[in-house]
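Trainee: From first to last, the protein sequence lines stand for chains A, B, C and D. Under my numbering, read the first sequence as residues 130 to 277, first letter to last. Under my numbering, read the second sequence as residues 130 to 277, first letter to last. Under my numbering, read the third sequence as residues 130 to 277, first letter to last. Under my numbering, read the fourth sequence as residues 130 to 277, first letter to last. For glycine and all other residues, C-beta sits at the position ideal for the given N, C-alpha and C. This structure is in structure tokens; I'll ask about it shortly.
Number of protein chains: 4
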Amino acid sequence: MSDVPTQAPLLSVAQITELIDAHFPHMTGRGKYMVIEAAGGRQSRTRLRLNERNLRPGGTISGPAMFSLADFGIWVAIIAEIGERGIGAVTTNLNINFLAKPEARDILAHTKLVKLGKRLAVGEIEIYLEGGSDMVAHATSTYSLPPK
Amino acid sequence: MSDVPTQAPLLSVAQITELIDAHFPHMTGRGKYMVIEAAGGRQSRTRLRLNERNLRPGGTISGPAMFSLADFGIWVAIIAEIGERGIGAVTTNLNINFLAKPEARDILAHTKLVKLGKRLAVGEIEIYLEGGSDMVAHATSTYSLPPK
Amino acid sequence: MSDVPTQAPLLSVAQITELIDAHFPHMTGRGKYMVIEAAGGRQSRTRLRLNERNLRPGGTISGPAMFSLADFGIWVAIIAEIGERGIGAVTTNLNINFLAKPEARDILAHTKLVKLGKRLAVGEIEIYLEGGSDMVAHATSTYSLPPK
Amino acid sequence: MSDVPTQAPLLSVAQITELIDAHFPHMTGRGKYMVIEAAGGRQSRTRLRLNERNLRPGGTISGPAMFSLADFGIWVAIIAEIGERGIGAVTTNLNINFLAKPEARDILAHTKLVKLGKRLAVGEIEIYLEGGSDMVAHATSTYSLPPK
Chain A
130 MSDVPTQAPL LSVAQITELI DAHFPHMTGR GKYMVIEAAG GRQSRTRLRL NERNLRPGGT
190 ISGPAMFSLA DFGIWVAIIA EIGERGIGAV TTNLNINFLA KPEARDILAH TKLVKLGKRL
250 AVGEIEIYLE GGSDMVAHAT STYSLPPK
Chain B
130 MSDVPTQAPL LSVAQITELI DAHFPHMTGR GKYMVIEAAG GRQSRTRLRL NERNLRPGGT
190 ISGPAMFSLA DFGIWVAIIA EIGERGIGAV TTNLNINFLA KPEARDILAH TKLVKLGKRL
250 AVGEIEIYLE GGSDMVAHAT STYSLPPK
Chain C
130 MSDVPTQAPL LSVAQITELI DAHFPHMTGR GKYMVIEAAG GRQSRTRLRL NERNLRPGGT
190 ISGPAMFSLA DFGIWVAIIA EIGERGIGAV TTNLNINFLA KPEARDILAH TKLVKLGKRL
250 AVGEIEIYLE GGSDMVAHAT STYSLPPK
Chain D
130 MSDVPTQAPL LSVAQITELI DAHFPHMTGR GKYMVIEAAG GRQSRTRLRL NERNLRPGGT
190 ISGPAMFSLA DFGIWVAIIA EIGERGIGAV TTNLNINFLA KPEARDILAH TKLVKLGKRL
250 AVGEIEIYLE GGSDMVAHAT STYSLPPK
């Protein structure tokens, strides 16, 4: 995350994880499924751990699993920026392109907010296989933000 | 499904369900999660049964659950049209707009193929709550078809 | 437009055309380019007249021309519903699938609003060649509405 | 364009411009509208010159103009990579998010191909105002490539 501005994020990774676990424990499975690895500077890096639920026959990661990780990545980047209010942000649009069939490994999402307005945030998400350099999916998503 | 052409679909609902259960039993949970209600005439109607996995705190259906149903709906419409070869079709793009927070009930997808070419199929999917008339999500999706 | 509710639209086709010509005369070319054929009931039918500006070598309609017509169609459907305030609505997202190369003829957009909320409207747009029954493009679009 | 691989592009900017002018002179207006500034390494940088056709009342750049530039940017990146065959590539999908109303200035598109397969290419396009650092639009697009 080379372009991260120097301004400190409103919340640390540990604080965001705690907030999400308090409100939506099913989402991260308390670290069993989703993990926040970095957040701040209008970006986030999130991981979906390999688990049976996300596998398809033939040993590939399912489309809904990649969708979930993309959706999670932008949400985390928003919460890091605007704090607890971001918990109530909701997805209004998500567009995802599947680029390659990913083998059965952890997948990582690199998310960058390209807009953070008063009412709407827009993010761009690149998804990679753990240890791989080719992108396996690319998404953009719009969130509606709760009023201040 | 008022506009269904009179031509019979290549496969019946029972045959499509059997094919999918044979190849991807996790997807439908053998009827526990996903159910095909109608297919043919470049359309399908599919149902996602209410289940704990798909709920969010506050009693709404999760975004990934709606994504999964949309993705399933177009796949079923393709298989009805081109037969077993359609099992190998893969999602290349899915764009979804979330229109309202759905209460905890079954959701239904009405899918219509707007293109069925040699290499690509494009579908439009409307998602409704069981018993409701307002759309809760709208999606479009492109599938890449395996060669004949 | 079979599903049009019986409630009268807020503005007639003539009134919408007049409003648009007053604010954005370049868009319709005062009927030379874009024509509103019907509006109301959360729907619209709009036409892009064949003109040199919209042609590509080989005699097909350009992608930007189809984009423009889709964008226009949803805007007209919004104005019909919410009146002059709709003139200030702005596109936040437009997703378009090109399904076939259209020959050099007028093209028609059939637009349906799938959501009309306080802040956002979402529409689905089908584009056909004049006199043809196959869809040549399909779009969905989100508009941000000005406050009341 | 910091991540450009060191491999030389198949075609230079001058060669791509010449090819496009030979096949689609209306598109660039022979440099009056669209200009290719850099291409290669699966990327491109393209410019839309300010011109009356692209302006909206109030002095903003029109949505279709931004769409056209995004569509042009990915096409140029493809041609640089696969050569003259890329001239026949066609847009199958374009999804664009409008992030801010751009003032009346030149706009620049930074395009990156995130996939270049046998049949499909997918690109991500960031659009900026000349001299500005905020993104005004963000797009992703899929092109269908002609057979070898």
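When burial is assigned at 16 or more other CB atoms within 10 Å of the CB, is Pro134/D buried or exposed?
Mentor: Note that Pro134/D scores 48 on pLDDT, short of 50, meaning its location in the model is unreliable; the coordinates nonetheless yield the value given after this. By the 10 Å Cβ count, Pro134/D comes out exposed.
Trainee: Could you give the C-beta distance for Arg176/C and Asp263/C, rounded to a whole number, given that I count them as a contact under 8 Å?
Mentor: No, Arg176/C and Asp263/C are not in contact; Cβ-Cβ is about 17 Å, not under 8 Å.
Trainee: Could you check where the beta strand (DSSP E) with Leu242/B kicks off and where it finishes?
Mentor: Note, Leu242/B: beta strand (DSSP E), 236-245.
Trainee: Tell me, please, whether the stretch 236-251 of chain B touches the stretch 203-219 of chain C by the rule of three or more beta-carbon pairs shorter than 8 Å.
Mentor: Short answer: they don't touch.
Trainee: Determine the contact status of Ile203/D and Ala168/D, defining contact as a CB-CB distance below 7 Å.
Mentor: For Ile203/D and Ala168/D, no; Cβs fall outside 7 Å.
Trainee: Any C-beta of chain B sitting closer than 7 Å to the C-beta of Asn183/D?
Mentor: It does not; no Cβ of chain B falls within 7 Å.
Trainee: Applying a beta-carbon distance threshold of less than 9 Å, which residues of chain B neighbour Thr271/C?
Mentor: Simply Asn226.
Trainee: Can you look up Leu198/D in the DSSP assignment and give me helix, strand or coil?
Mentor: Of the three classes helix, strand and coil, the one that applies to Leu198/D here is helix, per DSSP.
Trainee: Please look up how many angstroms separate the CB atoms of Met195/A and Ile225/A, rounded, as I've assumed it's under 8 Å.
Mentor: Their Cβ separation, rounded to whole angstroms, is 7 Å, which keeps Met195/A and Ile225/A in contact under 8 Å.
Trainee: Would you mind sorting Arg171/C into buried or exposed? The rule is 16 or more other CB atoms within 10 Å of its CB.
Mentor: Classification of Arg171/C: buried, given that the 10 Å Cβ count is 16 or more.
Trainee: Could you tell me which chain B residues have their CB closer than 8 Å to the CB of Arg248/D, listed as they occur along the chain?
Mentor: By Cβ distance, chain B contributes Arg248, Ser273.
Trainee: Can you pull out the residues from the stretch 189-222 of chain A whose beta carbon lies closer than 9 Å to at least one beta carbon of chain C?
Mentor: Taking 9 Å as the Cβ-Cβ cut-off against chain C, the residues of the stretch 189-222 of chain A that qualify are Thr221, Asn222.
Trainee: How many Å lie between His155/C and Ile256/D at the Cα?
Mentor: Cα-Cα distance, rounded: 24 Å.
Trainee: Within its chain, find whatever has a CB closer than 6 Å to the CB of Glu253/D; leave out the 5 residues flanking it on each side and keep chain order.
Mentor: Once the five neighbours on either side are set aside, the close Cβ partners of Glu253/D are Lys241, Val243, Thr269.
Trainee: Near Arg214/C, what residues of its chain come up, given a Cβ to Cβ distance below 6 Å and the 5 sequence neighbours on each side ignored?
Mentor: So the list reads Pro275, once near-sequence residues are dropped.
Trainee: Tell me the rounded alpha-carbon separation between Gly187/A and Lys161/A.
Mentor: Computed Cα separation, rounded: 23 Å.
Trainee: Need the endpoints of the alpha helix (DSSP H) that Leu148/C sits in, please.
Mentor: 142-152 is the span of the alpha helix (DSSP H), which, as asked, contains Leu148/C.
Trainee: On the criterion of 16 or more Cβ atoms from any shown chain inside 10 Å, does Met130/A qualify as buried, or is it exposed?
Mentor: Its pLDDT being 41, under 50, Met130/A is placed unreliably in this model, and the value from its coordinates should be taken loosely. Exposed, since its Cβ has fewer than 16 Cβ neighbours within 10 Å.
Trainee: Considering Gly252/D, what are the terminal residues of the beta strand (DSSP E) in which it resides?
Mentor: Its beta strand (DSSP E) spans residues 249-258.
Trainee: Relative to the C-alpha of Leu249/D, which residue among Lys277/D, Leu184/D, Arg185/D, Met163/D is closest?
Mentor: Taking only the C-alpha atoms, the option nearest Leu249/D is Lys277/D.
Trainee: Check Gly187/B in the structure and name its three-state DSSP category.
Mentor: DSSP places Gly187/B in coil when its eight states are reduced to three.
Trainee: Where do the N-terminal and C-terminal ends of the beta strand (DSSP E) with Tyr272/C fall, by residue?
Mentor: Unbroken beta strand (DSSP E) run through Tyr272/C: 264-273.
Trainee: Under the three-state reduction of DSSP, which class applies to Pro276/A: helix, strand or coil?
Mentor: Coil at Pro276/A, not helix or strand.
Trainee: Consider the Cβ of Lys244/A: report whether some Cβ of chain D lies at a distance smaller than 7 Å.
Mentor: True, the Cβ-Cβ gap to chain D drops below 7 Å.
Trainee: Interface residues of chain C around Glu253/B at Cβ under 8 Å?
Mentor: Those are Glu253, His267, listed as they occur along chain C.
Trainee: Which first and last residues belong to the beta strand (DSSP E) in which Glu213/A is found?
Mentor: No beta strand (DSSP E) holds Glu213/A; DSSP gives it neither H nor E.
Trainee: With a threshold of 7 Å between beta-carbons, can Pro186/C be considered close to chain D, or not?
Mentor: Yes, its Cβ sits closer than 7 Å to a Cβ of chain D.
Trainee: Ordered along the chain, which non-local residues of its own chain (more than five positions away) have a Cβ less than 7 Å from that of Gly212/B?
Mentor: Contacts found: Leu139, Leu140.
Trainee: Once the 5 residues before and after Ile149/C are set aside, which same chain residues still bring their CB inside 7 Å of it?
Mentor: Within the same chain, Ile149/C has close Cβ partners Met156, Thr157.
Trainee: If you run the structure through DSSP and keep just helix, strand and coil, what is Ala229/C?
Mentor: Looking at Ala229/C - three-state DSSP - the assignment turns out to be coil, as it is neither helix nor strand.
Trainee: Is it buried or exposed for Asn183/C, if we count other Cβ within 10 angstroms and need 16 for buried?
Mentor: Buried, because 16 or more other Cβ atoms sit within 10 Å of the Cβ of Asn183/C.
Trainee: Rounding to the nearest angstrom, what Cα-Cα distance links Leu258/A and Gly261/C in this structure?
Mentor: Distance between the alpha carbons of Leu258/A and Gly261/C: 45 Å.
Trainee: Leaving out five residues on either side along the sequence, give the residues of the same chain with a beta carbon under 8 Å from the beta carbon of Arg159/A.
Mentor: These residues qualify, in order along the chain: Asp150.
Trainee: Leu228/B: which of Ile207/A, Asn180/A, Thr271/A sits nearest, CA to CA?
Mentor: Nearest C-alpha to Leu228/B: Thr271/A.
Trainee: Since Leu179/C and Asp200/C should fall inside the 8 Å C-beta cutoff, what is the C-beta to C-beta distance between them, to a whole number of angstroms?
Mentor: Not confirmed; about 18 Å, so no contact.
Trainee: If the criterion is Cβ atoms closer than 7 Å, does the pair Pro231/B and Pro193/A meet it?
Mentor: Not in contact: Pro231/B and Pro193/A (Cβ atoms no closer than 7 Å).
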